[in-house]
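Under this note's numbering, think of the first position of the sequence shown as 1495, with each following residue one higher.
Virtual Cβ for every residue (Gly too), placed ideally from N, Cα, C.
Report on one structure; see the data block that follows.
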Amino acid sequence: MNFLHYELRLKKGDVVEVKIDKQANVQLLDEISFTNYKKGKKYSSIGGLSKDLLVKLTSPYKGLWHLVVDLGGHAGTVKASVQVNKG
(Lines of atoms letter the chains of each structure in order from A and count residues from 1; the text may use other names and numbers.)
(Lines give C-alpha, C1' and ligand atoms only; values in the text may rest on other atoms or scores of the structure.)
Protein backbone atom coordinates (compact mmCIF):
# COMPACT_ATOMS: atom_id res chain seq x y z
CA MET A 1 0.00 0.00 0.00
CA ASN A 2 1.27 3.46 -0.88
CA PHE A 3 0.79 6.21 1.66
CA LEU A 4 2.25 9.49 2.85
CA HIS A 5 3.58 9.36 6.40
CA TYR A 6 4.35 12.14 8.87
CA GLU A 7 5.68 11.46 12.37
CA LEU A 8 4.46 14.09 14.83
CA ARG A 9 5.13 14.78 18.50
CA LEU A 10 1.89 16.30 19.72
CA LYS A 11 0.46 17.60 22.96
CA LYS A 12 -3.15 17.19 24.02
CA GLY A 13 -5.30 19.62 22.05
CA ASP A 14 -2.82 20.25 19.23
CA VAL A 15 -4.60 20.57 15.90
CA VAL A 16 -3.07 19.01 12.81
CA GLU A 17 -4.16 20.80 9.62
CA VAL A 18 -3.75 18.75 6.47
CA LYS A 19 -4.25 20.19 2.99
CA ILE A 20 -4.76 17.56 0.29
CA ASP A 21 -5.15 17.93 -3.46
CA LYS A 22 -7.93 15.33 -3.85
CA GLN A 23 -10.25 13.06 -1.88
CA ALA A 24 -8.18 10.80 0.38
CA ASN A 25 -8.05 8.98 3.68
CA VAL A 26 -6.44 11.26 6.27
CA GLN A 27 -5.81 9.54 9.60
CA LEU A 28 -3.99 10.20 12.85
CA LEU A 29 -2.75 6.99 14.52
CA ASP A 30 -0.87 6.14 17.69
CA GLU A 31 2.18 3.85 17.55
CA ILE A 32 0.29 0.56 17.97
CA SER A 33 -2.36 1.48 15.41
CA PHE A 34 0.30 2.60 12.91
CA THR A 35 2.06 -0.76 13.23
CA ASN A 36 -1.25 -2.55 12.63
CA TYR A 37 -2.07 -0.22 9.71
CA LYS A 38 1.21 -1.14 7.98
CA LYS A 39 0.52 -4.86 8.52
CA GLY A 40 -3.03 -4.59 7.16
CA LYS A 41 -4.52 -5.49 10.54
CA LYS A 42 -7.43 -3.87 12.38
CA TYR A 43 -6.55 -0.48 13.86
CA SER A 44 -8.20 2.62 15.29
CA SER A 45 -7.63 6.17 14.11
CA ILE A 46 -8.81 9.74 14.25
CA GLY A 47 -10.09 10.88 10.87
CA GLY A 48 -10.87 8.83 7.79
CA LEU A 49 -12.10 9.50 4.27
CA SER A 50 -12.15 13.21 3.48
CA LYS A 51 -13.78 14.82 0.48
CA ASP A 52 -12.75 18.22 1.86
CA LEU A 53 -9.34 19.54 0.83
CA LEU A 54 -8.63 20.87 4.34
CA VAL A 55 -8.75 18.41 7.23
CA LYS A 56 -8.30 19.31 10.91
CA LEU A 57 -7.54 16.56 13.44
CA THR A 58 -7.09 17.14 17.18
CA SER A 59 -4.71 15.13 19.33
CA PRO A 60 -6.56 13.61 22.32
CA TYR A 61 -3.35 13.21 24.35
CA LYS A 62 0.38 13.91 24.35
CA GLY A 63 2.63 11.51 22.49
CA LEU A 64 4.10 10.33 19.24
CA TRP A 65 1.51 10.27 16.47
CA HIS A 66 1.55 9.11 12.87
CA LEU A 67 -0.38 10.99 10.23
CA VAL A 68 -1.07 8.90 7.16
CA VAL A 69 -2.66 9.97 3.89
CA ASP A 70 -3.67 7.36 1.31
CA LEU A 71 -6.07 6.71 -1.53
CA GLY A 72 -7.57 3.60 0.01
CA GLY A 73 -5.96 1.26 -2.50
CA HIS A 74 -7.03 3.26 -5.54
CA ALA A 75 -4.51 4.10 -8.25
CA GLY A 76 -2.89 7.50 -8.33
CA THR A 77 -1.03 9.83 -6.03
CA VAL A 78 -2.05 12.43 -3.51
CA LYS A 79 -0.17 15.50 -2.37
CA ALA A 80 -0.45 16.82 1.17
CA SER A 81 0.94 19.59 3.33
CA VAL A 82 0.85 19.44 7.11
CA GLN A 83 0.85 22.15 9.77
CA VAL A 84 0.54 21.72 13.54
CA ASN A 85 -1.26 24.41 15.52
CA LYS A 86 -0.58 24.25 19.24
CA GLY A 87 -3.69 23.70 21.34
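Which residues share a DSSP beta bridge with Gln1521?
Answer by DSSP bridge pairing, in chain order: Gly1541 and Val1562.
Output the distance between the C-alpha atoms of Lys1535 and Leu1523, rounded to the nearest integer angstrom.
Rounded to whole angstroms, Lys1535 to Leu1523 spans 13 Å at the Cα level.
If distances are taken between C-alpha atoms only, which option among Thr1571, Asp1515, Asn1530 and Gln1521 comes closest to Lys1550?
For the options Thr1571, Asp1515, Asn1530 and Gln1521, the alpha carbon positioned closest to that of Lys1550 is the one of Gln1521.
How many whole angstroms separate the CB atoms of Ile1514 and Val1562, which I take to be in contact at a CB cut-off of 8 Å?
With a Cβ gap of about 12 Å, Ile1514 and Val1562 do not count as contacting.
Quick one: what's Val1512 bridged to in DSSP?
In DSSP, Val1512 forms a bridge with Val1549 and Val1576.
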